[in-house]
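Asks: Attaching a single structure in structure tokens format; questions to follow.
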Amino acid sequence: MLSLVSSTFAILASCFYLNVLAHGAGGRSNAGNAFLLMPLHFNEDHYATDIEVGTPPQKISVLFDTGSADLWVQTANNPFCIGAAHEQEEVHGVAVTPYIDCNGLTIFDANSSRTLQVLSNNMYINYVNTFVDGSWAIDRLIICDQDVSGMQFGVVRVSNTEMNGILGVGYERLEAVQGYAGATNVTYPNLPSTLKQRGVIQKVAYSVFLQATAESDGEVLFGAIDASKYIGNLHTVPVVNIRSPQQQPNSFHIMLQGMGLHDQALPAGRLCTSKSYPALLDTGTNGMVVPSAVARCIAAALNATFNEDKRVFKIECPTEDDEREFTFNFGELQLVAPLSNFLIPASDMGTEQCEVAIMPGESDTFTLGLPFLKAVYTVFNLEDNEISLAQANVKPQQPDIIPILEEVPGARIDSRVSRPATSCEARSPTATAHEGPLASNQSASGYELHHHSQAPIRRSSLVSRGSVASKEPINFPDASVVTATATARVTRTIAVTQCEQTCLTMIM
227 MLSLVSSTFA
237 ILASCFYLNV
247 LAHGAGGRSN
257 AGNAFLLMPL
267 HFNEDHYATD
277 IEVGTPPQKI
287 SVLFDTGSAD
297 LWVQTANNPF
307 CIGAAHEQEE
317 VHGVAVTPYI
327 DCNGLTIFDA
337 NSSRTLQVLS
347 NNMYINYVNT
357 FVDGSWAIDR
367 LIICDQDVSG
377 MQFGVVRVSN
387 TEMNGILGVG
397 YERLEAVQGY
407 AGATNVTYPN
417 LPSTLKQRGV
427 IQKVAYSVFL
437 QATAESDGEV
447 LFGAIDASKY
457 IGNLHTVPVV
467 NIRSPQQQPN
477 SFHIMLQGMG
487 LHDQALPAGR
497 LCTSKSYPAL
507 LDTGTNGMVV
517 PSAVARCIAA
527 ALNATFNEDK
537 RVFKIECPTE
547 DDEREFTFNF
557 GELQLVAPLS
567 NFLIPASDMG
577 TEQCEVAIMP
587 GESDTFTLGL
597 PFLKAVYTVF
607 NLEDNEISLA
617 QANVKPQQPD
627 IIPILEEVPG
637 ARIDSRVSRP
647 ATSCEARSPT
657 ATAHEGPLAS
667 NQSASGYELH
677 HHSQAPIRRS
687 SLVSRGSVAS
697 KEPINFPDAS
707 VVTATATARV
717 TRTIAVTQCE
727 QTCLTMIM
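Mapping of the sequence shown onto our numbering: residues 227 to 734, in sequence order.
What follows is the structure, given as structure tokens:
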């Protein structure tokens, strides 16, 4: 295990690749302990990185997304763009109504690239509320100064998203290569796998830090961790498969075993649930999606009301010294995220109003998006189907970069979670919701979270205070044990409290 500090290696705002020569016992050397540092910049409501495509190279900023697995870029002549000559075009026999302002997009000019090879297979991806349609291709491709030319990516001609493109870094099993006409039906090495195949990294794993530094708004380390970016120890939990009957997971779901709100006015905190829920870690989601009963609990704890016109929860904007924070229980690890991460000032609602980036979902799962991920340091180990988490250090000093060779360096395995986790069944004897009645104006029907584009949750210049440990943490009941089965869907055995039953009744 080799630690690299900034006094020896200067890590600047540009991409950074290093092949470390590690000296072992007896003077022997082990070459190839490498990593790739990718800086991220925050752009309105998402984190992005710059890539170069084609010959001559065209620089394009693409969204960094752990919730998908493909790279794609937009090309010209999208019929959804307003004001174009082709706006009366039909797509798959359906007339298109243009409504996207594409003037601010950086479009890949496919006709200008001398090295572009468009493959014969179609490409189609359907996100939560957007889609892209085009062809698979290969071309000269530079990501973080690293040449990954020949890696398959999508050239998109039709899309209803206001995005230049997306860099998906999920499992190959999540790639959009099947389920539509003209699909390849064969997975391909995406960016994490390509980096290992070409010897850039030793392990298909990367770490994510979404706090601003002097160099960038965040960073991704492929093949390494930075021990200066987190507090305490990394805790490792298994990725769970919620999509039976697959033998391996295809998304970054882990088991969340409870959550609540720590409030200085409530010494014991407000426990919103002690049930176990699968929780997706997704940098492509700009808020947090929670089960409906949990959303009701949070709304009551924050004294939030529901704005019928905008379909969002809102509260009075807190003062800068507000110390309220959400606590998330992952068994042996509890993480906190400040309330300020979840708030967006809403000037059109009045200067004292803030929108809350928390939405009720349609299923018994969580999606932990940017407000949560900004508060934690996350290591995605795709080879071993594991996630390692720690509290983010919001004021890191000198970088302390350690390559990932076999296991994540220094990470502790959570003994409360059974392994392996090919699929999951969560059991909890009780389900605890908030106390007190709910206001009738807290209905959340129709409130959507947008994934990747056109989000109703607008990010702002609101500065996060960072994450600090609660002085009086919420007292969670004994954590639920997650058991692995071969093909079972996610099921729960719970005793619903009277309050939670009321919450459920109001939602239906």
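Don't be surprised by glycine CBs; every beta carbon is placed ideally from N, CA and C.
Indicate whether Ala302 and Ser287 have their beta-carbon atoms separated by less than 7 Å.
Replies: Looking up residue 302 in the sequence shown gives position 76. Looking up residue 287 in the sequence shown gives position 61. Cβ atoms of Ala302 and Ser287: not closer than 7 Å.
Asks: What is the DSSP secondary structure of Ile524, reduced to helix, strand or coil?
Replies: By 1-based counting over the sequence shown, the position of residue 524 is 298. The answer is helix: DSSP assigns Ile524 an H, G or I state.
Asks: Between Glu542 and Asp508, what straight-line distance do the alpha-carbon atoms span, to the nearest angstrom?
Replies: Within the sequence shown, numbered from 1, the residue matching residue 542 stands at position 316. Within the sequence shown, numbered from 1, the residue matching residue 508 stands at position 282. If I take the Cα positions, the gap works out to 28 Å.
Asks: Can you tell me which residues form a DSSP beta bridge with Asn607?
Replies: For the purposes of this step, residue 607 is taken as residue 381 along the sequence shown, with counting starting at 1. Asn607 pairs with Ala431, Glu612.
Asks: Among Gly391, Ala519, Leu417, Gln617, which one has its Cα closest to the Cα of Asn459?
Replies: Against the sequence shown, residue 459 aligns to sequence position 233. Comparing Cα positions, the closest option is Gln617.
Asks: Which stretch, first to last residue, makes up the beta strand (DSSP E) that contains Pro305?
Replies: For the purposes of this step, residue 305 is identified with residue 79 of the sequence shown, where counting begins at 1. Note, Pro305: premise wrong, no beta strand (DSSP E); not H, not E.
Asks: Whole alpha helix (DSSP H) runs in the segment 455-539 with 4 or more residues, listed along the chain?
Replies: 518-527
Asks: Considering only residues of the same chain and omitting the five flanking positions on each side of Val317, which have a CB-CB separation below 8 Å?
Replies: Residue numbering aside, residue 317 sits at position 91 when the sequence shown is read from its first letter. Closer than 8 Å at Cβ, skipping near neighbours: Pro305, Asp359, Val384.
Asks: Between the beta-carbon of Ser433 and the beta-carbon of Leu421, is there less than 7 Å?
Replies: Residue 433 sits at position 207 when you count from the first residue of the sequence shown. Residue 421 sits at position 195 when you count from the first residue of the sequence shown. The answer is no: Cβ separation not under 7 Å.
Asks: Excluding sequence positions up to five away, which residues of its chain have a Cβ less than 6 Å from the Cβ of Asn533?
Replies: Start at 1 with the first residue of the sequence shown, and residue 533 comes out as number 307. Excluding positions up to five away in sequence, the list reads Lys540.
Asks: Buried or exposed: which applies to Phe379, given that a residue is buried once 16 or more other Cβ atoms fall within 10 Å of its Cβ?
Replies: Mapped onto the sequence shown, residue 379 falls at position 153. So Phe379 counts as buried.
Asks: Should Ile369 be labelled buried (16 or more other beta-carbon atoms within 10 Å of its own) or exposed?
Replies: Walking along the sequence shown from the start, residue 369 turns up at place 143. The residue in question, Ile369, is buried, as its Cβ has 16 or more Cβ neighbours within 10 Å.
Asks: Classify Asn411 as buried or exposed, calling it buried when 16 or more other Cβ atoms lie within 10 Å of its own Cβ.
Replies: On the sequence shown, residue 411 is found 185 positions in, with the first residue counted as 1. Asn411 is exposed by the Cβ-count criterion.
Asks: Could you check the C-alpha separation between Ala438 and Ala336 for me, to the nearest Å?
Replies: If you number the sequence shown from 1, residue 438 lands on position 212. If you number the sequence shown from 1, residue 336 lands on position 110. Straight-line Cα distance between these residues: approximately 34 Å.
Asks: Just to confirm the assignment, what range does the beta strand (DSSP E) spanning Leu345 have?
Replies: Looking up residue 345 in the sequence shown gives position 119. Element bounds for Leu345: 343-352.
Asks: Could you check how far apart the C-beta atoms of Ala505 and Leu528 are, in whole angstroms? I think they sit under 8 Å.
Replies: By 1-based counting over the sequence shown, the position of residue 505 is 279. By 1-based counting over the sequence shown, the position of residue 528 is 302. Actually they do not touch by this definition, with Cβ atoms about 20 Å apart.
Asks: From this set, Thr591, Asn355, Thr341, which residue's C-alpha is nearest Ile480's C-alpha?
Replies: As a first step, residue 480 is located in the sequence shown; it is residue number 254 there, counting from the start. It is Thr591.
Asks: Could you tell me the boundaries of the beta strand (DSSP E) in which Thr420 lies?
Replies: Position 194 of the sequence shown holds residue 420. Premise fails: Thr420 lies in the alpha helix (DSSP H), 417-423, not in any beta strand (DSSP E).
Asks: Take the Cβ of Thr341 as the centre, count every other Cβ of all protein chains shown within 10 Å, and call the residue buried at 16 or more, exposed below.
Replies: Your numbering for residue 341 matches position 115 in the sequence shown. Exposed.
Asks: Which residues bound the alpha helix (DSSP H) around Leu599?
Replies: Translated into the one-based positions of the sequence shown, residue 599 becomes position 373. Here the alpha helix (DSSP H) through Leu599 covers 596-599.
Asks: Quick one: give me the first and last residue of the beta strand (DSSP E) that Gln437 is part of.
Replies: Here residue 437 refers to the residue found at position 211 when the sequence shown is read from its first residue. That residue, Gln437, is in no beta strand (DSSP E); it is neither H nor E in DSSP.
Asks: Given that a residue counts as buried once 16 or more other Cβ atoms are within 10 Å of its Cβ, and exposed if not, what is Lys455?
Replies: On the sequence shown, residue 455 is found 229 positions in, with the first residue counted as 1. By the neighbour-count rule (16 or more Cβ atoms within 10 Å), Lys455 is buried.
Asks: Express the C-alpha separation of Ala572 and Thr530 in angstroms, rounding to a whole number.
Replies: Reading the sequence shown from its first residue, position 304 is the one you call residue 530. Reading the sequence shown from its first residue, position 346 is the one you call residue 572. Reading the sequence as shown, one finds Ala at residue 530 and not Thr. Each residue's Cα considered, the two are about 14 Å apart.
Asks: Return the residue from the list Ile457, Asn416, Asp443 that minimises the CA-CA distance to Pro265.
Replies: Sequence index remark: in the sequence shown, residue 265 carries index 39 (1-based). Residue Asp443 is the option with its Cα nearest to Pro265.
Asks: Ala402 and Asp296 - do their beta-carbons sit closer together than 7 Å?
Replies: Within the sequence shown, numbered from 1, the residue matching residue 296 stands at position 70. Within the sequence shown, numbered from 1, the residue matching residue 402 stands at position 176. Going by C-beta atoms, Asp296 is nearer than 7 Å to Ala402.
Asks: Buried or exposed: which applies to Tyr406, given that a residue is buried once 16 or more other Cβ atoms fall within 10 Å of its Cβ?
Replies: If you number the sequence shown from 1, residue 406 lands on position 180. Its Cβ having fewer than 16 others within 10 Å, Tyr406 is exposed.
Asks: Looking only at its chain, what residues have a beta carbon closer than 7 Å to the beta carbon of Asn567, apart from the 5 residues adjacent to it on each side?
Replies: Taking the sequence shown and counting its residues from 1, one reaches residue 567 at position 341. Closer than 7 Å at Cβ, skipping near neighbours: Pro597, Lys600, Ala601, Ser690.
Asks: I'd like to check one pair, Gly495 with Gly484: are the Cβ atoms closer than 7 Å?
Replies: Numbered from its first residue, the sequence shown carries residue 484 at position 258. Numbered from its first residue, the sequence shown carries residue 495 at position 269. No, they are not a contact pair.
Asks: Is it true that the CB of Asp365 sits closer than 7 Å to the CB of Cys241?
Replies: Taking the sequence shown and counting its residues from 1, the one referred to as residue 241 is at position 15. Taking the sequence shown and counting its residues from 1, the one referred to as residue 365 is at position 139. No, these two residues do not count as a Cβ contact at 7 Å.
Asks: Rounded to a whole number of angstroms, what is the C-alpha to C-alpha distance between Val605 and Ala637?
Replies: If you number the sequence shown from 1, residue 605 lands on position 379. If you number the sequence shown from 1, residue 637 lands on position 411. Between Val605 and Ala637, the C-alpha separation is close to 10 Å.
Asks: Can you have a look at Gln473 and say buried or exposed, based on whether 16 or more other CB atoms are within 10 angstroms of its CB?
Replies: Position 247 of the sequence shown holds residue 473. Exposed, by the Cβ-count rule.
Asks: From Asp547 to Ile524, what distance separates their C-alpha atoms?
Replies: Locating residue 547 in the sequence shown gives position 321, counting from the first residue. Locating residue 524 in the sequence shown gives position 298, counting from the first residue. Roughly 20 Å separates the two Cα atoms.
Asks: Is the beta carbon of Val279 less than 7 Å from the beta carbon of Leu367?
Replies: Stepping through the sequence shown from its first residue, residue 279 is reached at position 53. Stepping through the sequence shown from its first residue, residue 367 is reached at position 141. Going by beta carbons, Val279 and Leu367 fall inside the 7 Å limit.
Asks: Does DSSP classify Ala409 as helix, strand or coil?
Replies: As a first step, residue 409 must be located in the sequence shown, where it is residue number 183. Residue state, collapsed to three classes: coil.
Asks: Taking only the alpha-carbon atoms, compute the straight-line gap between Tyr503 and Gln284 and give it to the nearest angstrom.
Replies: Translated into the one-based positions of the sequence shown, residue 503 becomes position 277. Translated into the one-based positions of the sequence shown, residue 284 becomes position 58. Their backbone Cα atoms lie some 43 Å apart in a straight line.
Asks: Does any heavy atom of the ligand MN sit closer than 6 Å to the C-beta of Thr413?
Replies: No copy of the ligand MN occurs in the structure displayed, which carries no ligand at all.
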